[in-house]
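*Asks:* Below is a structure I'd like to ask you about.
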Amino acid sequence: MQTAYFNGEFLARDDVRVSPDDRGFLFSDGVYEVLRAYGGRLFEVERHMDRLARSLAAMRIRGVSASDLAPMFEELLHRNGLSAADALVYLQVTRGAAPRTHRYPDPPVPPTVYAYAWAFSPDHAAEDGGRAITVPDQRWARCDIKTVALIPNCMANQEARDAAATEAIFVRDGVALEGTHTNLFAVFRGVVRTSPLTNYILPGVTRAVVLELCGEAGFEVAEEPIFVDELYRADEVFIVGTTAEVTPIIDLDGRAIGSGRPGEIALRLARMLTARARGA
Numbered sequence: 032m033q034t035a036y037f038n039g040e041f042l043a044r045d046d047v048r049v050s051p052d053d054r055g056f057l058f059s060d061g062v063y064e065v066l067r068a069y070g071g072r073l074f075e076v077e078r079h080m081d082r083l084a085r086s087l088a089a090m091r092i093r094g095v096s097a098s099d100l101a102p103m104f105e106e107l108l109h110r111n112g113l114s115a116a117d118a119l120v121y122l123q124v125t126r127g128a129a130p131r132t133h134r135y136p137d138p139p140v141p142p143t144v145y146a147y148a149w150a151f152s153p154d155h156a157a158e159d160g161g162r163a164i165t166v167p168d169q170r171w172a173r174c175d176i177k178t179v180a181l182i183p184n185c186m187a188n189q190e191a192r193d194a195a196a197t198e199a200i201f202v203r204d205g206v207a208l209e210g211t212h213t214n215l216f217a218v219f220r221g222v223v224r225t226s227p228l229t230n231y232i233l234p235g236v237t238r239a240v241v242l243e244l245c246g247e248a249g250f251e252v253a254e255e256p257i258f259v260d261e262l263y264r265a266d267e268v269f270i271v272g273t274t275a276e277v278t279p280i281i282d283l284d285g286r287a288i289g290s291g292r293p294g295e296i297a298l299r300l301a302r303m304l305t306a307r308a309r310g311a
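Counted from 1, the sequence shown has number 77 at position 46 by the working numbering; the numbering is strictly sequential.
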């Protein structure tokens with residue numbers, strides 16, 4: 032039976048019980064992280080925990096330290112027989128259980144901390160590429176906080192699935208921002224571009240790694256807005272994320288991107304990311 036971590040204990044996942052008064056259940060009042068393990072080796076744990084700490088601070092969720100949670104992930108992999116496997120770890124922290132009011136509980140209640148792990152392998156390869164659609168950005172204005180309130184992302188991702196696409200790209204005021212669970216990159220005349228970090232962009236861990244890899248490869252990078260009209264004319268488009276890794280987009284809204292095949296820059300970055308993740 033799968034083992035989970037719940038409020039300081041390791042127990043059978045089927046035995047986890049969350050209060051109906053939990054604010055994560057009532058208000059989506061919580062934050063989360065998803066970490067990747069390659070051969071049992073967790074990837075960029077410190078960056079994930081730094082982002083979790085920022086999310087907790089922004090939401091004013093107290094009573095838990097991101098740094099104190101980090102050692103739990105290795106134990107969770109071990110207890111689930113994943114110490115040498117490719118896997119994902121999901122962590123969620125909500126404000127906790129309290130009588131239902133819109134204001135935060137005062138005094139604060141203990142947060143609810145839940146994590147579990149499972150074997151994972153991508154269902155695609157970078158060499159295959161993927162399709163994407165664009166959708167209006169109907170999310171709230173604090174996309175930089177990794178909250179569990181993801182219904183606009185779910186709705187947009189379902190639109191992508193209905194269109195037989197890999198991802199949906201959010202567009203606000205003519206600017207292509209990011210995907211439902213990925214960050215967006217495009218290549219124009221050899222320059223790799225991605226939107227700058229704002230309150231409408233999640234500071235993706237894989238995004239940060241890919242920017243470092245661009246530097247190692249000698250690719251020129253520009254963090255500046257990408258307008259959707261020019262995105263169709265890009266030489267390459269690709270999305271990056273914990274589960275997407277580096278996925279070239281070869282078709283956007285039914286229009287071929289570049290040659291209609293995965294581009295060389297995206298493919299090189301995909302290989303470099305895999306090499307870093309696996310310690311090659």
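The beta carbon of each residue, even a glycine, is placed where N, CA and C say it ideally should be.
Keep in mind the model is a prediction, meaning the values are calculated, not measured.
Return the chain-ordered ranges of every alpha helix (DSSP H) run that is complete within the region 44-121 and spans a minimum of 4 residues.
*Replies:* Counting only runs of 4 or more, we get 54-58, 76-90 and 97-110.
*Asks:* At the level of alpha carbons, what is the spacing between residue 174 and residue 295?
*Replies:* Counting from one through the sequence shown, the residue named residue 174 turns up at place 143. Counting from one through the sequence shown, the residue named residue 295 turns up at place 264. If I take the Cα positions, the gap works out to 30 Å.
*Asks:* Spell out the partners DSSP gives residue 214 in its beta bridges.
*Replies:* Walking along the sequence shown from the start, residue 214 turns up at place 183. 209 and 271.
*Asks:* What did DSSP end up calling residue 40 once you bin it into helix, strand or coil?
*Replies:* One-based indexing of the sequence shown puts residue 40 at position 9. Three-state result, residue 40: strand.
*Asks:* Using CA coordinates, which residue listed in 163, 170 and 96 is at the minimum distance from residue 81?
*Replies:* Translated into the one-based positions of the sequence shown, residue 81 becomes position 50. The candidate whose alpha carbon is nearest that of residue 81 is 96.
*Asks:* Check whether the region 40-58 and the region 135-147 touch, using three or more Cβ-Cβ pairs below 8 Å as the test.
*Replies:* Enough Cβ pairs lie closer than 8 Å, so yes.
*Asks:* Excluding sequence positions up to five away, which residues of its chain have a Cβ less than 7 Å from the Cβ of residue 50?
*Replies:* Translated into the one-based positions of the sequence shown, residue 50 becomes position 19. Around residue 50: 128.
*Asks:* Among 258, 242 and 33, which has the Cα closest to the Cα of residue 252?
*Replies:* Here residue 252 corresponds to residue number 221 of the sequence shown, with the count starting at 1. Here the closest residue by C-alpha is 242.
*Asks:* Could you spell out where the beta strand (DSSP E) holding residue 282 opens and where it closes?
*Replies:* Within the sequence shown, the letter at position 251 stands for residue 282. Start and end: 276-283.
*Asks:* Where does residue 243 sit, in a helix, a strand or coil, going by DSSP?
*Replies:* Counted from its first residue, the sequence shown places residue 243 at position 212. Here residue 243 sits in helix by DSSP.
*Asks:* Helix, strand or coil: which one does DSSP assign to residue 140?
*Replies:* By 1-based counting over the sequence shown, the position of residue 140 is 109. In the structure shown, residue 140 sits in coil (DSSP, three-state: anything other than H, G, I, E or B).
*Asks:* Buried or exposed, going by whether 16 or more other CB atoms sit within 10 Å of the CB of residue 188?
*Replies:* Reading the sequence shown from its first residue, position 157 is the one you call residue 188. So residue 188 ends up on the buried side.
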